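Asks: Handing you a structure now.
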Amino acid sequence: MARLWYEGNAFSPLPADMAAFERCEWTSGDAALATARGTATELGAVAAFADTHREWQVVALPCASALPAGPIDDSVFDRITHELADGLAAGCASGGWDAVYLSLHGAAITRTRQAPDLDLVRMVRELLPDVPLGASFDLHANMPPEMASLLDVASVYRTHPHVDMDSTAARVLAGLVRCVEGGVATRCVVRNEGVVLPSFNMRTADGPMCELEQMARLLTRGPVVEVGVCGGFPYADTPNAGASVLVVSDARRDPGGNDASRVAKTLCAKIEELAPAFSVRLPTPEEAIATALSTPVSGLVAVTDPADNPLSGGACDTPGLLRALLAARVGVPCVFASIADPSVVAAARRVGVGGAVEAKLGGRHGTHFGEAVNVAATVELLTDGVFRNTGPMATGLEWRCEGSAVLRLSDQPALRIIVTAEVVPADDPAFYALHRIDPAGVRLLCVKAKNHFHAGMGRDCSMVIACDAPGPACADLSRLPFRRLRLGKAQ
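Numbering of the sequence shown is given in our numbering, commencing with residue 189 and proceeding in unit increments.
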């Protein structure tokens, strides 16, 4: 198995260089499986497979992932492909491979490649033309139709928030076993008709994505063994960005792939029918905060800023929501999570807990999404920035933000701001536990997050209000300068 799990945002100010991958995941061999064992991830599923299928030798070739950011440096992608090709060649020389599993995202971009996931799969297929090849994909994959001709087995996350990474990988592994041990042949179809869907209203618990997912499960019958619906990731700004359907059928009962093609066509028609339901108007930061403060419900109310969500390519740097929060002069216990700025964390370390700092927050990567805001604060807490997810998404996965500080504002002491040295998502209970913040003691939480926040923190919130501020993953796609994506069928 090998892994390239990366979602590229063409408008993100963050680089996807070697350092970005090394901070997140760059590993191989037994160490890759040992680190992932027990986590609710694709690699965790591979480790579980290796532990329970002793008749199989499981070899982890390059495994790489990074937080969503800008295009991957081509040198990084070239290194991944070269190491994978060398590893596959070495295996061929020592007895050959029975099957190959690729853990992919499906929305990667590099500086010169618009579909590097496809390029990687194509390379493996050219090296191993007759070996069963399977891949798993994120629900936000941008799937080119050519992918179908290269794969024997494939599956897509069925949940958003993505709490089924491990079970998706397990389905692909089981399919590969059937191909090898049972001689099962398959037909794959990918249909992408260029329908561009905003990714905010894409949770699978309700709404249009829920309807599509339920339909996909009903259509998984007879010779059709796998149906996956991808909502797509428009921020990649590629010709293939958009919703798509992936279908796998048993070739013995669907020799021409007609059943698979029919299911893909049916679901694509449903996607086009439901496309308007994916477009929703979100309030401004000012409107969202006003609603949060005036609601009669008790308990924690969260205002999310999807446009700067770290899991969509955000840099935790846009100041729109923070500026609105400061202007509201909130008098109830409030937390802002979070701003990423290593210089502010360094300044907090210099003065220590209890010390005073003055800082500019936001706008570190430029002012195209807004000017920085000035704050004076007291350092309340310093951390090493290490936490391990305890929520249902990617349970057990470790994050490292290279240190963080909790600042309490001098002129608004009810407000605390979390500043991290590196970008990390703030959508898991472990992030708040690291910063000694008990959600039960907070009335208003303003957070740079989107749909995954509902998995980790939704149960702690009485209400979650999303706003649309300027940022690289804003809900209003017309705000962004797309170059390659065709927005004709959007919204």
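Idealized CB from N, CA, C, for every residue including glycine. These numbers come from a predicted model, not from an experiment.
DSSP three-state call for A228: helix, strand or coil?
Replies: Numbered from 1 along the sequence shown, position 40 holds the residue referred to as residue 228. Residue state, collapsed to three classes: coil.
Asks: Return the CA-CA distance between R552 and V485, expressed in angstroms with no decimal places.
Replies: Your numbering for residue 552 matches position 364 in the sequence shown. Your numbering for residue 485 matches position 297 in the sequence shown. Cα to Cα, R552 sits roughly 36 Å from V485.
Asks: I'd like to confirm the pairing. Which residues does DSSP put opposite D438 in its beta bridges?
Replies: The count along the sequence shown starts at 1 and reaches residue 438 at position 250. The partner list for D438 (beta bridge, DSSP) reads T374.
Asks: Tell me the rounded alpha-carbon separation between G554 and M651.
Replies: Counting from one through the sequence shown, the residue named residue 554 turns up at place 366. Counting from one through the sequence shown, the residue named residue 651 turns up at place 463. One C-alpha to the other measures close to 32 Å.
Asks: Output the boundary residues of the alpha helix (DSSP H) element that contains A478.
Replies: Taking the sequence shown and counting its residues from 1, the one referred to as residue 478 is at position 290. If you look at A478, you'll find it in the alpha helix (DSSP H) that goes P473 to S482.
Asks: Could you tell me the alpha carbon to alpha carbon distance between L272 and E474, rounded to whole angstroms?
Replies: Residue numbering aside, residue 272 sits at position 84 when the sequence shown is read from its first letter. Residue numbering aside, residue 474 sits at position 286 when the sequence shown is read from its first letter. About 49 Å.
Asks: With a cut-off of 8 Å on the beta carbons, I'd call R672 and Q302 a contact; round off their distance for me.
Replies: Locating residue 672 in the sequence shown gives position 484, where the first residue counts as 1. Locating residue 302 in the sequence shown gives position 114, where the first residue counts as 1. That pair is a contact at about 7 Å.
Asks: Find the nearest neighbour of E590 within the set L603, V611 and R604, judged by alpha-carbon distance.
Replies: Counting from one through the sequence shown, the residue named residue 590 turns up at place 402. It is V611 whose Cα lies nearest to the Cα of E590.
Asks: In the DSSP assignment, find the unbroken alpha helix (DSSP H) run with L308 in it and report its ends.
Replies: Position 120 of the sequence shown holds residue 308. Segment P304 to L315, the alpha helix (DSSP H) holding L308.
Asks: So, under 8 Å CB-CB, N330 and F421 are touching, yes? Tell me the CB distance rounded to an integer number of Å.
Replies: Taking the first residue of the sequence shown as 1, we reach residue 330 at position 142. Taking the first residue of the sequence shown as 1, we reach residue 421 at position 233. Rounded, the Cβ-Cβ distance is 6 Å, consistent with contact.
Asks: With distances taken from CA atoms, which of V574, C504 and T356 is nearest D529?
Replies: Locating residue 529 in the sequence shown gives position 341, counting from the first residue. Checking every option, the nearest Cα to that of D529 belongs to C504.
Asks: Under 7 Å Cβ to Cβ from Y620, same chain only, skipping five residues before and after it: list those, please.
Replies: Here residue 620 refers to the residue found at position 432 when the sequence shown is read from its first residue. Result list for Y620: P627, in chain order.
Asks: Report the CB separation of L569 from V533 in whole angstroms; it is logged as a contact under 8 Å.
Replies: Taking the sequence shown and counting its residues from 1, one reaches residue 569 at position 381. Taking the sequence shown and counting its residues from 1, one reaches residue 533 at position 345. So it is not a contact: roughly 11 Å between Cβ atoms.
Asks: Quick check on the burial criterion: 16 or more other C-beta atoms within 10 angstroms. Buried or exposed for S337?
Replies: For the purposes of this step, residue 337 is taken as residue 149 along the sequence shown, with counting starting at 1. Classification for S337: exposed.
Asks: What's the gap between the Cα of D239 and the Cα of M189?
Replies: Counted from its first residue, the sequence shown places residue 239 at position 51. Counted from its first residue, the sequence shown places residue 189 at position 1. Whole-angstrom Cα-Cα distance: 15 Å.
Asks: At least one CB of chain C closer than 7 Å to the CB of F466: is that the case?
Replies: Given the protein chain composition of this structure (a single chain), no chain C is represented.
Asks: Whose CA, out of C634, V567, A560 and P332, lies closest to the CA of V433?
Replies: Here residue 433 refers to the residue found at position 245 of the sequence shown. Residue P332 is the option with its Cα nearest to V433.
Asks: Buried or exposed: where does S482 fall if 16 or more other Cβ atoms within 10 Å of its Cβ makes it buried?
Replies: The sequence position of residue 482 within the sequence shown is 294, counting from 1. Looking at its Cβ environment, which holds fewer than 16 other Cβ atoms inside 10 Å, S482 is exposed.
Asks: Quick check on the burial criterion: 16 or more other C-beta atoms within 10 angstroms. Buried or exposed for H642?
Replies: Numbered from its first residue, the sequence shown carries residue 642 at position 454. So H642 counts as buried.
Asks: Does the separation of the CB atoms of V468 and A480 fall below 7 Å?
Replies: For this step, residue 468 is matched to residue 280 along the sequence shown. For this step, residue 480 is matched to residue 292 along the sequence shown. No, these two residues do not count as a Cβ contact at 7 Å.
Asks: Is T356 closer than 7 Å to S387 when the C-beta atoms are compared?
Replies: Here the question's residue 387 lines up with position 199 in the sequence shown. Here the question's residue 356 lines up with position 168 in the sequence shown. No. Outside cutoff.
Asks: What residue range does the beta strand (DSSP E) around V563 cover?
Replies: Locating residue 563 in the sequence shown gives position 375, counting from the first residue. It spans V561 to T571 - the beta strand (DSSP E) in which V563 sits, taken as one unbroken run.
Asks: So, S598 versus A564, is the Cβ gap smaller than 7 Å?
Replies: As a working mapping, residue 598 is identified with position 410 in the sequence shown. As a working mapping, residue 564 is identified with position 376 in the sequence shown. For S598 and A564, yes; Cβs fall inside 7 Å.
Asks: Let me know the secondary structure DSSP gives T506 once reduced to three states.
Replies: In the sequence shown, counting from the first residue as 1, residue 506 sits at position 318. T506: coil per DSSP, three-state reduction.
Asks: Given this structure, state the Cα-to-Cα distance separating V607 from D305, to the nearest angstrom.
Replies: Position 419 of the sequence shown, counting from 1, holds the residue named residue 607. Position 117 of the sequence shown, counting from 1, holds the residue named residue 305. Rounded to whole angstroms, the gap between the alpha carbons of V607 and D305 is 34 Å.
Asks: Is the CB-CB distance between L339 and L327 below 7 Å?
Replies: On the sequence shown, residue 339 is found 151 positions in, with the first residue counted as 1. On the sequence shown, residue 327 is found 139 positions in, with the first residue counted as 1. In this structure, L339 lies away from L327, with their beta-carbon atoms at least 7 Å apart.
Asks: Would L192 pass as a contact of L255 if the rule is Cβ separation under 7 Å?
Replies: Within the sequence shown, numbered from 1, the residue matching residue 192 stands at position 4. Within the sequence shown, numbered from 1, the residue matching residue 255 stands at position 67. No, Cβ-Cβ distance for L192 and L255 is not below 7 Å.
Asks: Grouping DSSP H, G and I as helix and E and B as strand, with all else coil, what is K458?
Replies: Start at 1 with the first residue of the sequence shown, and residue 458 comes out as number 270. The answer is helix: DSSP assigns K458 an H, G or I state.
Asks: Can you give the Cα-Cα distance for A547 and V539, rounded to whole angstroms?
Replies: In the sequence shown, the residue the question calls residue 547 occupies position 359. In the sequence shown, the residue the question calls residue 539 occupies position 351. When rounded, the distance between both Cα atoms is 13 Å.
Asks: Once DSSP output is grouped into helix, strand and coil, what is the label at C398?
Replies: By one-based count along the sequence shown, residue 398 stands at place 210. Helix at C398.
Asks: Can you say whether G226 is buried or exposed, counting buried as having 16 or more other CB atoms within 10 angstroms of its CB?
Replies: Numbered from its first residue, the sequence shown carries residue 226 at position 38. Around the beta carbon of G226, a 10 Å sphere encloses fewer than 16 other beta carbons of the protein chains shown; the residue is thus reported as exposed.
Asks: For the 8 Å Cβ check, are there 3 or more pairs between the segment 200 to 207 and the segment 247 to 265?
Replies: yes
Asks: Does DSSP classify S337 as helix, strand or coil?
Replies: Translated into the one-based positions of the sequence shown, residue 337 becomes position 149. Helix.
Asks: Spatial neighbours of G646 within its chain, please: CB distance less than 7 Å, with the 5 preceding and 5 following residues excluded, ordered by chain position.
Replies: Taking the sequence shown and counting its residues from 1, the one referred to as residue 646 is at position 458. Only V652 meet the Cβ criterion.
Asks: So, is C280 buried or exposed, given that buried needs 16 or more other C-beta atoms within 10 angstroms?
Replies: Taking the first residue of the sequence shown as 1, we reach residue 280 at position 92. The residue in question, C280, is exposed, as its Cβ has fewer than 16 Cβ neighbours within 10 Å.
Asks: Less than 7 Å between C-beta atoms, sequence neighbours within five positions excluded: which residues of the same chain meet that for A678?
Replies: Locating residue 678 in the sequence shown gives position 490, where the first residue counts as 1. Note that A678 scores a pLDDT of 48, beneath 50, so its modelled location is shaky and nothing firm can be said.
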